[in-house]
Amino acid sequence: MKRSLGTCYYPEHWPEEIWAEDARRMVEAGLTWVRIGEFAWSRLEAVPGEYTFDWLDRAIETLGAAGLRVVLGTPTATPPRWLVDKHPNMLALDAEGRPRGFGSRRHYCFSHAGYHAECARIVTELAERYGRNPHVAAWQTDNEYGCHDTTISYSVAARDAFRGWLRARYRGVGNDGDIAALNAAWGNVFWSMEYDDFDQIELPNLTVTEPNPAHALAFRRFASDQVVAFNRAQVEIIRAHSDAPITHNYMGRITDFDHFKVGEDLDFASWDSYPLGFLEDRVGADADHQRRFARQGDPDFQAFHHDLYRAVGKGRWWVMEQQPGPVNWAPSNPAPAPGMVRLWSWEAFAHGAEAVCYFRWRQAPFAQEQMHSGLLRIDSADAPGLDEARKVASEIADAPDVSAAQAPIALIFDYDADAAWTVQPHGAGLSYFGLVFDTYKALRRLGLSVDILPPDTQDFSGYKVIAAPGLMHMPEPLKIALTQTQAQVVLGPRSGARDVDMCIPLPLPPAIPGLDVTVARVESLRADMPRPLKGGGAITGYCEDLEGRAEVLERSEDGNAVVCGTGHLRYVGAWLDQAALKRVMAAACADAGLQTLDLPDAVRVRDTGKERFWFNHDLHAANVEGRRLPPLSVLRETLPD
Amino acid sequence: MKRSLGTCYYPEHWPEEIWAEDARRMVEAGLTWVRIGEFAWSRLEAVPGEYTFDWLDRAIETLGAAGLRVVLGTPTATPPRWLVDKHPNMLALDAEGRPRGFGSRRHYCFSHAGYHAECARIVTELAERYGRNPHVAAWQTDNEYGCHDTTISYSVAARDAFRGWLRARYRGVGNDGDIAALNAAWGNVFWSMEYDDFDQIELPNLTVTEPNPAHALAFRRFASDQVVAFNRAQVEIIRAHSDAPITHNYMGRITDFDHFKVGEDLDFASWDSYPLGFLEDRVGADADHQRRFARQGDPDFQAFHHDLYRAVGKGRWWVMEQQPGPVNWAPSNPAPAPGMVRLWSWEAFAHGAEAVCYFRWRQAPFAQEQMHSGLLRIDSADAPGLDEARKVASEIADAPDVSAAQAPIALIFDYDADAAWTVQPHGAGLSYFGLVFDTYKALRRLGLSVDILPPDTQDFSGYKVIAAPGLMHMPEPLKIALTQTQAQVVLGPRSGARDVDMCIPLPLPPAIPGLDVTVARVESLRADMPRPLKGGGAITGYCEDLEGRAEVLERSEDGNAVVCGTGHLRYVGAWLDQAALKRVMAAACADAGLQTLDLPDAVRVRDTGKERFWFNHDLHAANVEGRRLPPLSVLRETLPD
Amino acid sequence: MKRSLGTCYYPEHWPEEIWAEDARRMVEAGLTWVRIGEFAWSRLEAVPGEYTFDWLDRAIETLGAAGLRVVLGTPTATPPRWLVDKHPNMLALDAEGRPRGFGSRRHYCFSHAGYHAECARIVTELAERYGRNPHVAAWQTDNEYGCHDTTISYSVAARDAFRGWLRARYRGVGNDGDIAALNAAWGNVFWSMEYDDFDQIELPNLTVTEPNPAHALAFRRFASDQVVAFNRAQVEIIRAHSDAPITHNYMGRITDFDHFKVGEDLDFASWDSYPLGFLEDRVGADADHQRRFARQGDPDFQAFHHDLYRAVGKGRWWVMEQQPGPVNWAPSNPAPAPGMVRLWSWEAFAHGAEAVCYFRWRQAPFAQEQMHSGLLRIDSADAPGLDEARKVASEIADAPDVSAAQAPIALIFDYDADAAWTVQPHGAGLSYFGLVFDTYKALRRLGLSVDILPPDTQDFSGYKVIAAPGLMHMPEPLKIALTQTQAQVVLGPRSGARDVDMCIPLPLPPAIPGLDVTVARVESLRADMPRPLKGGGAITGYCEDLEGRAEVLERSEDGNAVVCGTGHLRYVGAWLDQAALKRVMAAACADAGLQTLDLPDAVRVRDTGKERFWFNHDLHAANVEGRRLPPLSVLRETLPD
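Residue numbers (full-length UniProt numbering), protein chains in the order written: chain A, 1 to 641; chain B, 1 to 641; chain C, 1 to 641.
Right, here's the structure in full:
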């Protein structure tokens, strides 16, 4: 199957008379897919228990008749008003204890049993009615789990479910919850925090000072599991009635539930890519970088997510929502530079996307996203993004399909580590996502293609270099696999720094067999006090004192060991800046026999099975490796066999 | 009548023995007016239903006997403690749902019927007793509506009243509320936000992500209407018993209710002018500007409000509270530079103020405003401001009265547009007030006098240039009037960008008859990425893509149309910096045959009927147009006939 | 008795098998003291009313047998979970009205009678059992009162107790509360804030705008008194059963209760010194200073507290918790530069500490402080701090004891003034602590040793210079004592600016007999607008206009009197920068015949009876007064007799 394009469409927003013409124009523009339905609950069930599917029947028929393939969303991200009247406690509570009310979207707590039942009901209705519809070619569950900080709820439902979750996790005789086991595992003797019963455990908000990190991490793990269970329930219902593949559209830079675990239940992954909104709101870059890439987006942020969701989807993934113009939700919302919509689309394909769908077909004149561009303007004229989409469609048609290949580099991403860093960053501004993303950026600046892998990976065959920074808790099988691999392995900082209950283990971290390195002490540093390395670059923000007999590969100017290694194992005892990270990674690549490039800050490459894509994110032309890349350009080269 | 001075006095704060001497000194200093009573409820009715007016009788008699004219305030901004016991739900709730309790002032919700009744009662008592008192020459209702963010309340009373307000606005058969009409008007199909009944509509706080902008704007309009109704009730009671004119003292930079609509019920407007506090707290200038004018105040901020309240008062207005020295409430509270109290007073007169009253007579040694200067120190010695007031009084006596005249420039200010921008700024830091104030500043730098007009103005005769930036919803009569006027008209950005229900209309904005300009796309820009214009200056923060056959008058360096025009109509498709705004406005003036100046940043002029006032806000002398203006000086020139 | 060292130990955290070895290693390292027990309530009373003291008996015996002296803490900072079930209302409420729940520590309201009773019970049990234990050589009450912002609670218990406190303070006939007296004292006539009854008085949170400063200050005084009473109850119980001295470990930069008043009930004071955490979190220095001293801590902050707690302890004081390595709780947590643990220890001794105890013995692998270093690592290896402690112990053994002497300079510190400034800073960023600390820093830069004294001091004999900045309310006896002393006295700014009820008094401040200076006007200034003095340096942030016939000693460049004096009395009418403060203080010293130095920014001296200590906090060597001080060094010189 060739790569394909699509869009997100809301038939319920428009007069039925224009559906057919919309469909015709979609097809004319070269689109294949149309996602619908995911916010339509109030139109599918305006009155409790009375379903009105006729309009949706006609919409699917109209779209399908035009030649489009429908992705049908379950509408559970937007329960209607009457449902909140029926289940007033279904609302999440925020960390301050206030209900997060009706009036926008995602107003539900993942732990509320009543809402679970309502979701099962509506999803069953949909699956029964459309499960065998020939035009329904895929399903999407809910919409952007976790968006608007909705993974975590401090409701009574969440509290009760958390207690049950803890009982199951800390089991004693007869498999009952063993509160002594929990007290011991968490170190609750500290500050007399010991519980007599699971029913005494509150959620970790509104404590006088910070809660026990073990408590906080357990709650985040629980919250993640609730998302997994919520999604799985929908998937099981759909599967019972449909053979069409099922996906969920993840949102960028949402890390507070385990996307891999949700992904295990899906047929393919998809994510929503808003490069300019992300740069303003989520990348975390400094002002200079944000200004430089204000109309292009960060050159690595989308690629990182592409590689991540390729792993989440076990190889199969889409961009379900692609920014086609200015959006509405960031602190500032500039228009993309001309050419970027095409570049973003090809970048997704180069990283393996099966489809890219633009959000949305026509800009809505009303409600919260009225300032969000579509492929069409409100007056149905073409918006600038449509031409770029059309061009991509024609390029797809004219060129051979993008091939696929395993990358030479594996980078492990662990949602649990992200939670652990969130609970205990140790220094202001330090985050696991930031550390992994910095590592990814360094690898990409070296011209390398990267596969992101989950932390339960045990087979690393085919990889030349494996990077696994910041995994605070390292599962034993992973340690073993990394010890036994033929690849070069780059660990640290904070690898294995905590046991499964967020306590510091003995022997001291990282405790990697075959690598005699011990983290003797840890410090965090002010952002304005970089600690230079002898070889150039610097430590920023976080530093460990390393002991042991492993070879010292990098030292700070003041003489401390910063990177140590033995054989194929390296441990990086610090958060390094880009200069230092690139050198460390380049050295590992050299040891692995991998050639690296030194790319300009706005140029990136992506190798697939048979080709190399060059992307120039710069508003100016770039000269790289004997090539001249025009501004904002995509260059597709065939690799020598 | 000549211009006059006054002060604000609290007889209840001082021993009765000193009232007469205070009154004598007021008269000696040249003051005419004394405002009293507006916070005295606990002394007028210490016990529910038992009135103690005798002290107020004597205070009015003492002040009147000395030759002063009394402005009597209704005390409804400070309900006494027992009243809150009687009506516990009269307190406003903040956006977090917490009651805003007793212990300072303005602790009431505008929607609480019980509090309405209490206000009617006390105002009736006052009006009956003092309505014909010969010394009571004017009335003030309440005090600074909206101050301390008190326009909006999230109480149950507000919620219920809002539902009623919506029912009245969205009417169906039999004039009942028609929920389907509301759903359609707001686009509630988006995210399944449709309601079955008005009683399901909550206030737009505590939603998961932002509420529907139509919902948020409706609530702001409702809140504004509640203030209008609250004020009107008092006015009607006073009118029934008194012929003295009625005013309200508005507070600077409060825009969350419609001052014009409240003003319709008043005989004259008044406002409270605290130039140094405003500069620190409300102007929104950068640090350099704040430092430069720390002892003088912004050179345009007071003038803007003078011109605004001249319109609110339909030509009649006062400064009811004029800063006479350091205040207590800003982040920093410097002393005014010597001469500024006089300059501010004359500036008010030059803009048409009938009276300027200094707040307050004697600094209070106790309570919240103990650090707020008066004309007298706490020890009754003259404070520095008193001498300046005395000088102004003698200058008034010695010189002819300030004449009045229509300005050549009209600038429309629309509170509803301010609400719409607040609901949907589209970019961080963008506000309607800021846009209008930037426009005003540019006009003033060009040496122009400005009339501010409400958005329901239809007769623009006499004006040479009309500026109407940022009116997101443009009423049809205004569009017609601007199309038909002889004046040069400068519109945009965002003119007519929304229909009356906060949706984007078709045809696309601005849809001005006779001006073929269409806003094809909108973007907001980071503050650190100005987009230069070919003619100098730059777009900052907000930009539109303009289409159409109108002549392009300004282009960005990268070639985009930024200002387009046809005949007398211009549309500015961006937020411009001062350099660009001045050029655009100067061009409109040139087309209108109006001469402009290029004033230094601290010098301003104001033309009245027969004279030109020059104000130098600089700590240094300024040379302008052949004149040398001493530091902090006022120069009054007779205009040639 | 010679100076000694100790550590903080948690036997309940470790297997009983290693206690003896831990004790042996403590003694081997030269430690004398071991503090235990202060967070162990859940292990002492796991079940309500069932005490398990056996493990504590054995721990004390083991430690004592090894030669250590035990400081036994009462566990009242960490009530166990079941106790919160028993008294759900014992939790404090924060300013937003939310309970501050179980799950960390200090989860109690000082005003809750039920919790008082529980504390009396557990403390009685402990005192009865260990009051005569030969190894228990001292007691500590609770832990770090006020830490985590816990002095102030907005609970119902606090509200009711506050009403009682007010009744007692404002007494009428028959010693009953006289609400009219309170209304008059607070000036409640302002804004109709008058009360009819004490039961109408709410806590001063959640008011619409700021509450009456008299109200806010009264509440802070009440909250302080609640801490005093809470502590006194424990002291009285312990005293009844033990002769061992009693202390409390105060936390640095906690000023919201009166440490002197708590100290009156103690036998000696102690405080917890975390120099690097403080620099990041509490000193309030600018980024350059923070970066410069990131691994050393501010050169004056610890010394200030040493001098403060010497006064709180009436001459007897300890450092109960000394940072031995990186901590866990600041925005960034760097490791101390090598040598700093020793330097900090000697600095404490030089300022008169009897003992310095390192927190903690072994780093904990679990719970909130798992990232807090100890003298031992988690794996029981020596952490870097242990070697430094060992070196200090041996230096103590080898050298004569540090002598004691009254300093030539007295600096008054008044917790009530700190509360008054907090209630009414008048300008952003202005605080009493900051003002006093700036004064202290200037004195120390002049090479002076300082005694900090409470505001009820009346005998100043022996002092050459007395500085008393910022005492907003000056008790009459203090005024008289300062007028009558032989020493040079430096007052202002804001001295005597308020009466005891937070009102501005007449005659106007400062009203010092013998000093004809009147504060005619007050202003606060932006931080970026320093007002230069003729002699160099500048006013920053706060300035007064001074009148009177006293000699003008310092003027601003624009001619205002800034420092005035008569005889031995000086009044400083501004917040001065370091250059100006040093000059003013040096002039007072010169008048007092005191010699001063001009020390580099990182070098400090401390004179005791017979010796001078030099401390170089710099990472580089310093040349001072003919000496060369190595980096991070301590130099001890014998003073000439």
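Glycine is no exception: its CB is placed at the ideal position from the N, C-alpha and C atoms.
Query                                                                                                                                   : Result
Any chain C beta carbon closer than 8 Å to residue 470 of chain A                                                                       : no
Closer than 7 Å at the beta carbon, the chain C residues around residue 40 of chain B                                                   : 192
Residues of the stretch 145-157 of chain B with Cβ closer than 7 Å to any Cβ of chain C, in chain order                                 : 148, 150
Integer Cβ distance of residue 521 of chain A from residue 326 of chain C, believed to fall under 8 Å                                   : 7 Å
Residue 379 of chain C: CB within 7 Å of a non-hydrogen atom of the ligand COA                                                          : The ligand COA is not part of this structure, which contains no ligands at all.
Per DSSP, cross-strand counterpart(s) of residue 543 of chain C                                                                         : C:523, C:574
Three-state secondary structure assigned by DSSP to residue 431 of chain C                                                              : coil
Neighbour flag for residue 82 of chain A against chain B, beta carbons, 8 Å                                                             : yes
Chain C contacts made by the stretch 338-372 of chain A, where a contact means CB separation under 8 Å                                  : none
Whole-angstrom distance between residue 297 of chain B and residue 9 of chain A, CA atom to CA atom                                     : 53 Å
Chain B contact residues for residue 332 of chain A, given Cβ-Cβ distances below 7 Å                                                    : 427, 428, 524, 525, 526
Cβ neighbour criterion (16 or more within 10 Å) applied to residue 58 of chain B                                                        : exposed
Own chain, CB closer than 6 Å to residue 458 of chain C, minus 5 neighbours either side, in chain order                                 : 477, 481
Under the three-state DSSP convention, the category residue 203 of chain A falls into                                                   : coil
Contact belief for residue 190 of chain A with residue 366 of chain C at Cβ below 8 Å, rounded distance in angstroms                    : 6 Å
Partner residues on chain B for residue 212 of chain C, Cβ-Cβ distance less than 9 Å                                                    : 103, 104, 366, 367, 368
Classification of residue 394 of chain C by the beta-carbon crowding that lies within 10 angstroms, buried from 16 upward               : exposed
C-beta contact flag for residue 285 of chain A and residue 529 of chain B at 8 Å                                                        : no
At least three beta-carbon pairs within less than 8 Å, the stretch 623-631 of chain B to the stretch 155-169 of chain A                 : no
is_contact[residue 627 of chain B, chain C] using C-beta, thresh 8 Å                                                                    : no
Simplified DSSP assignment, three categories, for residue 182 of chain C                                                                : helix
Cβ neighbours of residue 301 of chain C in the same chain (closer than 6 Å, five flanking residues each side left out)                  : 278, 283
Assigned secondary structure, residue 560 of chain B (DSSP; H/G/I helix, E/B strand, else coil)                                         : coil
Cβ distance (whole Å) where residue 385 of chain B is taken to contact residue 524 of chain B below 8 Å                                 : 43 Å between Cβ atoms; not a contact.
Spatial neighbours of residue 356 of chain A in its chain, beta-carbon cut-off 6 Å, leaving aside the 5 residues before and after       : 5, 319, 322, 345, 348
Whether residue 251 of chain B touches residue 147 of chain B by CB criterion (8 Å)                                                     : yes
Neighbourhood of residue 368 of chain A by C-beta distance below 7 Å, restricted to the same chain and skipping five residues each side : 104
Closer than 8 Å to chain B by CB, residue 390 of chain A                                                                                : no
Meets three-Cβ-pair contact criterion under 8 Å: the stretch 215-225 of chain A and the stretch 32-48 of chain C                        : no
The stretch 497-511 of chain A contacting the stretch 374-390 of chain C, beta-carbon criterion three pairs below 8 Å                   : yes
Within chain B, partners of residue 322 of chain A - CB distance below 9 Å                                                              : Under the 9 Å cutoff, chain B gives no residues; its nearest Cβ is about 17 Å from residue 322 of chain A.
Beta-carbon spacing of residue 26 of chain A, residue 361 of chain A below 8 Å                                                          : yes
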